[in-house]
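Numbering (the numbering used here), first residue to last: 29 to 151.
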């Protein structure tokens, strides 16, 4: 029997995000979406983990530490990639993933509800 593929979903801790430019979103909705995505990935047979970071103070170290557990696929959430304020953090985290998990597949969602689709494209 093959071991489950391990998936790491990296995103910002929702309670730290300024949702003022996204009136239809809030921390509770994002957290619920992340948990639903994790459950969906696990139901599909993956071993999914969340890694939620701060806005940059410890994010690189937190992600590097989590990556030391070994993952087949790393998802970097849309909140990190698509909000210009977080672009430099996104760039730093891409390099952390590249350094610490060079064999892992990278994939990107467009919203929490399509994370499983992103993972399935690459695993």
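Beta carbons are placed, not taken as given, at the ideal position from N, Cα and C, and that holds for glycine. Fair warning: this is a prediction, and the values are worked out from it, not measured in the lab.
Close Cβ partners of residue 53 (< 6 Å) along its chain, the five nearest in sequence each way excluded: Walking along the chain shown from the start, residue 53 turns up at place 25. These residues qualify, in order along the chain: 47.
Any 3 or more C-beta pairs closer than 8 Å across the stretch 84-95 and the stretch 114-132: yes
Nearest neighbour of residue 45, chosen from 93, 112, 97 [CA to CA]: Residue 45 sits at position 17 when you count from the first residue of the chain shown. If we check each option's Cα against that of residue 45, 112 comes out closest.
Residue from 101, 132, 128 with nearest C-alpha to residue 143: To locate residue 143, count along the chain shown from 1; it is residue 115. Out of 101, 132, 128, 101 has the C-alpha closest to the C-alpha of residue 143.
Under 8 Å between C-beta atoms of residue 37 and residue 62: Locating residue 37 in the chain shown gives position 9, where the first residue counts as 1. Locating residue 62 in the chain shown gives position 34, where the first residue counts as 1. Yes. Within cutoff.
Span of the beta strand (DSSP E), counted from its first residue to its last, around residue 75: Here residue 75 refers to the residue found at position 47 of the chain shown. Unbroken beta strand (DSSP E) run through residue 75: 75-81.
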